[in-house]
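Student: Going left to right, the sequence shown walks through residues 204 to 366 as my numbering numbers them.
C-beta atoms are modelled at their ideal positions from N, C-alpha and C, and glycine is treated no differently.
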Amino acid sequence: MPTVSKEELVEGFRVQTIQEAALRVISRRGLAAATMQEIAAEAGVAKGTIYLYFKNRDDLVQRTADVAVSQLLETLETTLASPRPLPQQLRALIEAKLRFFDTHREFFRLYLSLSQGDADSPAQARRRHRPQYQLYLDRMTVFFREAGEHGELEPLDPFRLAR
204 MPTVSKEELV EGFRVQTIQE AALRVISRRG LAAATMQEIA AEAGVAKGTI
254 YLYFKNRDDL VQRTADVAVS QLLETLETTL ASPRPLPQQL RALIEAKLRF
304 FDTHREFFRL YLSLSQGDAD SPAQARRRHR PQYQLYLDRM TVFFREAGEH
354 GELEPLDPFR LAR
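(1) For a quick check, are the C-beta atoms of residue 278 and residue 247 less than 9 Å apart?
(2) Give me the Cα-Cα distance between residue 272 and residue 366, rounded to the nearest whole angstrom.
(3) Going straight from the alpha carbon of residue 291 to that of residue 340, what length do you get?
(4) Can you tell me which of the three DSSP states residue 238 falls into?
(5) Among the candidates 268, 281, 287, whose CA atom is the shortest distance from the CA of residue 316?
(6) Suppose contacts are defined by Cβ-Cβ distances below 9 Å. Is residue 310 in contact with residue 226 by that definition?
(7) Could you tell me if residue 284 is buried or exposed, where buried requires 16 or more neighbouring beta carbons within 10 angstroms of its beta carbon?
(8) May I ask you to report which of helix, strand or coil DSSP gives residue 273?
(9) Between 294, 252, 231, 239, which has its C-alpha nearest residue 216's C-alpha?
(10) Decide if residue 229 is buried, meaning its Cβ has at least 16 other Cβ atoms within 10 Å, or exposed.
(11) Since residue 260 and residue 239 are thought to touch, with beta carbons under 8 Å apart, how far apart are those beta carbons, to the nearest angstrom?
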């Protein structure tokens with residue numbers, strides 16, 4: 204088992220603290236209105252400290268979303284691993300997603316901004332942040348395709364169902 208140095212431990216703690224602060228600020232203000240200065244104040248660090256760990260605001264948002272979406276996908280994968288008929292599987296997925304968002308309330312607004320597009324954010328920024336949402340869509344597309352192949356769904360476009 205590899206050992207973690209004190210510096211790596213401190214870095215991991217700071218990154219997590221900044222990301223949690225970013226989620227809180229985005230939750231309150233929206234993605235477009237969240238500034239690095241507000242995030243730094245929320246995290247209790249100098250604005251310049253953020254740039255030691257993140258290239259820019261987009262990098263911070265991207266990496267923060269990556270962590271949270273990975274956790275969401277793990278939750279959904281666990282749910283999908285239990286074989287059930289389609290109606291029960293859909294119910295279990297919805298319940299798992301609602302529980303996840305109840306537990307990770309601050310992430311919910313960022314998730315909506317990334318998946319649906321924040322009305323305040325520029326279209327270009329929405330496109331840059333869509334990879335996280337695309338991972339979710341890809342997994343759900345596979346789920347619906349497999350349900351169709353097993354005859355549990357009428358022939359429908361699995362990607363449209365995932366969206």
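Tutor: In short:
(1) Working through the sequence shown from its first residue, we reach residue 278 at position 75. Working through the sequence shown from its first residue, we reach residue 247 at position 44. Contact flag unset, no.
(2) By 1-based counting over the sequence shown, the position of residue 272 is 69. By 1-based counting over the sequence shown, the position of residue 366 is 163. Their backbone Cα atoms lie some 16 Å apart in a straight line.
(3) Residue mapping note: residue 291 aligns to position 88 of the sequence shown, counting from 1. Residue mapping note: residue 340 aligns to position 137 of the sequence shown, counting from 1. Residue 291 and residue 340: Cα-Cα distance of roughly 20 Å.
(4) By one-based count along the sequence shown, residue 238 stands at place 35. It is coil, neither helix nor strand.
(5) Walking along the sequence shown from the start, residue 316 turns up at place 113. Closest by alpha carbon: 268.
(6) Residue mapping note: residue 310 aligns to position 107 of the sequence shown, counting from 1. Residue mapping note: residue 226 aligns to position 23 of the sequence shown, counting from 1. Their beta carbons are under 9 Å apart, which means residue 310 touches residue 226 by this criterion.
(7) Locating residue 284 in the sequence shown gives position 81, where the first residue counts as 1. Under this definition residue 284 is an exposed residue.
(8) The residue given as residue 273 occupies position 70 in the sequence shown. Helix, per DSSP.
(9) On the sequence shown, position 13 is the one that residue 216 refers to. The candidate whose alpha carbon is nearest that of residue 216 is 252.
(10) Translated into the one-based positions of the sequence shown, residue 229 becomes position 26. With 16 or more other Cβ atoms within 10 Å, it is buried.
(11) Counting from one through the sequence shown, the residue named residue 260 turns up at place 57. Counting from one through the sequence shown, the residue named residue 239 turns up at place 36. Between residue 239 and residue 260 the Cβ distance is about 6 Å, and since that is below 8 Å, they are a contact.
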